[in-house]
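Each remark here refers to the structure printed beneath this line.
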Amino acid sequence: MKIRTEFPHNIRTIAHTWIPMPDGCRLAARIWLPETAEQQPVPAILEYIPYRKNDGTALRDSLYHPYFAGHGYAAVRVDLRGSGDSDGVMLDEYLPQELDDAVSVIAWLAGQPWCSGAVGMMGKSWGGFNSLQVAALRPPALKAIITVCSTDDRYADDVHYKGGCILAADMLGWAMTMQVWNARPPDPAVSGDGWREVWQQRLEQTPSLVKAWLSHQHRDAYWKHGSVCEDFSAVQCPVYAVGGWADPYSNAIPRLLSGLSCPRKGLIGSWAHEYPQRALPGPQIGFAQECLRWWDHWLKGQDTGIMDEPMLRAWMPESIPPCTHHEQRPGRWVAESVWPPHDAKPQRWFLNRNGLNQISEVEPPLVCPTAQIVGLEAGMWFPMGIPGDMPGDQRPADAKSLCFTSEPLAAGMEILGNPEVTVTLSCDQPNALLAARLCDVAPDGSSLLVSWGLLNLTHRNGHEHPEPLVPGECFTTTTRLNACAHALKTGHRWRLALSPAHCSHAWPSPELVTLTVFPGTDTCLSLPMRTARPEDSQLLEFAEPECSPPLPVEILRTAHRERMVQHEVVKDRFTLTDRNDSGRYRFVQDGLETEDCSCDTLTMQEGEPLSLRVHCERVAGVGRGGWQTRAAATGTMTATREAFQVTSTLEVFENEQRVFARTWDFQIPRDGV
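Residue 675 is where the sequence shown ends in the working numbering, and the numbering goes up by one at each step.
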């Protein structure tokens, strides 16, 4: 990525300022401005997240926000209430208080003498979520947003549930991550004499977030709040939705394009969970320049041509050998002028005893293997693009699944959208799940994961009111797989793999489950086939990636990552361990030091669904010179037939003296999961 040092405007940085809230709470902000902004006011661009402007995202912020300021914007980075240097306590994700605060921040920005009165909002992940949610509240000064790696549906596509199934490793893991991040103190050099009081208040009042998430196992009002899909018409300002096929939030972009009525665009690359100018797998693009084209159009009224281009631009990846890390995904950019495409015609492939065929055959039923250890090769649900994140060869999982494989394709095939699998089946238990994986099988037999999906079968008629299965009774249900794009090479084959378990992503059913699949006209795979369009060859090239100069840092401990699967043969027990040390580094400018370490362990015995144990460890440190703090959290989650059991601890140290400790130990009844 090119580091740019010269800009049209000289930049002035306000390292810290307070933004007052109506109730007296103060939010901490860092602001980058053109030097002439007081004389010539400029639009403001807000990023509003809980990841600590002084240390957590300071390095990343330095790559983007000064870049925008250098091009004539006030770039503003605000810590949420209860995070970083801000006052207050964060009690959960996306609460009304968080969104109300954002509305107040936008009004404050619009009223500053250096602001033209026009405000844009952008962010990745949490910041992408609340950009959509705040847009639905329609603050008058908010003129446009860019939402990156986010979702319109908090129940369907976030770190808690998937298809009505609990995300096995990620729900607890994310809760423990937020536990230690929220336990870090404000920076005394910034917050002043009251920093310790703010810190103590957070430590005493921050709850165990996983308890609330486990207490809402259906798509109830808790999840509908903040899900803009509940009323797309509430969002009226222009929306640019951005993501990557390797990111878990890719489903939201097609939904937003089809559901919103405001001006909108979509961009989907090959990327994992990162901004596109530095995301892996590549190719990366000049995303900062793309943002400027959007902001110049909607915040400054300049004709940049961005709204004359197709509604959706997406990377079409090609067949490659499976690998747990890709620097680049070969392919090409394609475009759709509207979404869904007017000529969309899904191609149906029937699930027959002899494979995937385009002719339906009525045949004897087929039984899914009951293996529980399926999915260890699935990669991270939440990949950041670092080595070890991506799915590996799926052949071990295919061997434990009911697979339907096509003949080699003589002419290849491209898909873009959500594959769907409709299956007539029966089950021998009242609770069960169905996991479906779509793979690209190469001539050498290697199996590349293209897309996957889950469905809690008690949610077959909707996620709000689960209905237990009637053992032995046939029913037909449809499982939607993740949105994807893929160009299957000539000579390669499609494979659909079905299983009643997906242990790295889905919490298992309480009993061993036998699923029986009935071939016929209602048992098929629908692929969103795509043909080349004139727009594909008319696309303008993206600019090369560039950024503003990063903050200088001194590396105190290098980053290190291990991800391994162990098999204890005698008991047929499997352990998946993911250990990630992000390193420790010091900001040269102010001497602040920071570190993050994690270790997640998932253990399960084959044939014993109640043996699953997820254990998460987190350490987060921040300090300066002789003042050092460290928060350490551990959490363990198991289940019986009736309930989930969670135990977690938090210990906080200042200069190696323990200043806080707490333990949570609770059970949450299982409710159809």
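Built from N, CA and C at the ideal position, the CB exists for glycine as well.
Counterpart residues of residue i in DSSP-defined beta bridges
i: C370; result: Its beta-bridge partners do not exist; DSSP assigns none.
i: I287; result: Paired residue(s): none; I287 is not in a bridge.
i: Y163; result: I168
i: N354; result: G357
i: N582; result: R563, S600
i: R615; result: T605
i: F655; result: R632, R660
i: R334; result: M318
i: Y587; result: I557, T596
i: F646; result: A641, I670
i: L440; result: S453, L498
Within 9 Å, strictly: CB atoms of residue i and residue j
i: A508; j: A373; result: no
i: P285; j: R331; result: yes
i: Q181; j: G637; result: yes
i: S88; j: L139; result: no
i: A46; j: L111; result: yes
i: L134; j: V200; result: no
i: E320; j: A485; result: no
i: A177; j: L604; result: no
i: D81; j: L594; result: no
i: S260; j: P371; result: no
i: M124; j: T149; result: yes
i: L314; j: I361; result: no
i: C117; j: V44; result: yes
i: A316; j: E338; result: yes
i: L418; j: M318; result: yes
i: P510; j: M606; result: yes
i: E37; j: I13; result: yes
i: C1; j: V244; result: No information on residue 1 is available, as it lies outside the stretch 3 to 675 that the chain covers here.
i: W34; j: V78; result: yes
i: D391; j: A487; result: no
i: V443; j: T479; result: no
i: R712; j: P512; result: Outside the shown range of the chain, which is 3 to 675, sits residue 712, and nothing can be said about it.
i: V423; j: T460; result: no
i: H220; j: H467; result: yes
The ligand ZN heavy atom lying under 8 Å from the CB of residue i
i: P319; result: In the structure on display, the ligand ZN does not appear, and there are no ligands present to speak of.
From the options, residue whose alpha carbon lies closest to that of residue i
i: C599; options: F589, G585, M606, G609; result: G585
i: M386; options: R615, T38, L282; result: L282
i: A645; options: V212, K145, Q669, P510; result: Q669
i: W666; options: L652, V675, E658; result: L652
i: W383; options: P319, G455, V443; result: G455
i: N356; options: C486, E338, C405, W317; result: C405
i: H9; options: H73, E49, I51; result: Correcting the residue identity first, residue 9 is Phe in this sequence and not His. Among H73, E49, I51, the Cα nearest to that of F9 is on H73.
i: I287; options: I21, L294, P278; result: P278
i: D172; options: A663, C601, A634, P52; result: C601
i: D583; options: A561, G627, A337, T480; result: A561
i: G271; options: Q360, L205, F289; result: F289
i: I322; options: C441, H299, R565, L435; result: C441
i: G474; options: T518, L262, E513, P190; result: T518
i: A438; options: E658, G113, V376, Y251; result: V376
i: E276; options: G307, K347, L65; result: L65
i: C549; options: E469, L258, A71; result: A71
i: Y53; options: R186, S408, T7; result: R186
i: G493; options: G196, D222, E409; result: E409
i: H344; options: L294, T596, R535; result: R535
i: V230; options: R632, S263, P22, G84; result: S263
i: M531; options: L411, R350, S235; result: R350
i: V369; options: G26, F131, R462, V515; result: V515
i: Q591; options: A17, P98, T7; result: A17
i: H327; options: P389, G381, E466, K226; result: P389
i: Q647; options: F662, L614, V621; result: L614
i: K164; options: A635, H465, D63; result: H465
i: R563; options: N253, T579, P312, Y251; result: T579
Whole-angstrom C-beta distance between residue j and residue i, which should lie under 8 Å
i: K302; j: C239; result: The pair is not a contact, with the Cβ atoms about 15 Å apart (cut-off 8 Å).
i: G674; j: L457; result: The Cβ separation is near 12 Å, so there is no contact.
i: S19; j: A31; result: The sequence shown places Thr at residue 19, rather than the Ser named in the question. With 8 Å as the limit, T19 and A31 qualify as a contact, their Cβ atoms being about 5 Å apart.
i: W297; j: Y69; result: Not really, about 11 Å apart at Cβ, beyond 8 Å.
i: L699; j: L498; result: Because the chain in this structure spans residues 3 to 675, residue 699 falls outside the shown range and cannot be described.
i: I108; j: V91; result: Incorrect: roughly 22 Å between the Cβ atoms, too far for contact.
i: L612; j: A641; result: 6 Å
The stretch 203 to 212 touching the stretch 161 to 181, judged by at least three CB pairs closer than 8 Å
yes
So, does the stretch 443 to 451 touch the stretch 152 to 163, judging by three or more C-beta pairs under 8 Å?
no
Below 8 Å, can you find three or more Cβ-Cβ pairs linking the stretch 545 to 565 to the stretch 422 to 434?
no
Three or more C-beta pairs under 8 Å: does that hold for the stretch 393 to 410 against the stretch 458 to 477?
no
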